[in-house]
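Using our numbering, you'd call the opening residue of the sequence shown number 284 and step up by one each time. We put the CB at the ideal spot given by N, CA and C, even for glycine. None of these values were measured; they are calculated from a predicted model.
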Amino acid sequence: MAGITWHYVLKFIITGDAGVGKSSLLVRLTDQRFLANPDPTLGVEFGSKLIEIPEEGKVVKLQCWDTAGTESFRSITRSYYRGAAGCLLVYDVTSRKSFINAKSWLADVREHADPHLTCILVGNKVDLCDEEASGSSNRRREVSTDEADEWARKEGLLFLEASAKSGNNVDSAFEKASCDILHKI
Ligand code: GDP
């Protein structure tokens, strides 16, 4: 999209437990690659990307902030949330605990972020479920699509399952949330 300017700049934050794949989703979005063994001390903090929202005929510049390791200290400050239009609330479909904890991450978002913020629940690592079906994975799904979908509806969240590893639904998650944000503008 060289030479194209953007119509809107949207700030996104990415929250959820450590290890669910937040940095990996950001790297996939901005760099189209996947690191099997990322260095946890080199958490990606920020990534930017232009995306087109064909339904709206607009180009959006995404500015995405990852918690970069601070999630384990729960030290995420108000400044992190300031000005955010969108939030990816990430859990790992093979970790029930990360899904349960998404509830408290959402409470945090609701406490600190703009009340109009669009939040999309993202069940990451869905590639492991395909591997489970083919017998090549030792991780199994612990959160069903239906359960997550039902919770997302109840909380007024958008919802998608994705994989930073395969790239499945990663761009779509940001596009879906951006589209919702543009509807509100
Ligand atoms: P973060 O702490 O939430 O930022 O998580 P990371 O992005 O550092 O990922 C934690 C681990 O999960 C790493 O070993 C990643 O390679 C792995 N991972 C992240 N996303 C996926 C995915 O979609 N599928 C699989 N199989 N592994 C993933």
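Check	Outcome
At least three beta-carbon pairs within less than 8 Å, the region 331–338 to the region 397–411	no
Heavy atom of ligand 1 within 7 Å of L389 beta-carbon	no
7 Å CB neighbourhood of S449 in its chain, flanking five on each side removed	D410
Burial state of N421 (16 or more Cβ within 10 Å)	exposed
Q392 (DSSP reduced to helix, strand or coil)	Note on identity: in this sequence residue 392 is Val, with Gln being the wrong assignment. If DSSP states are grouped into helix, strand and coil, V392 belongs with the helices.
Close Cβ partners of E444 (< 7 Å) along its chain, the five nearest in sequence each way excluded	V376, G406, V409, T428 and N452
Distance cut-off 7 Å: D410 Cβ against heavy atoms of ligand 1	yes
Residue(s) in a DSSP beta bridge with S331	Q346
At least three beta-carbon pairs within less than 8 Å, the region 307–326 to the region 337–344	no
Nearest-angstrom Cβ-Cβ length linking D349 and S306, presumed shorter than 8 Å	5 Å
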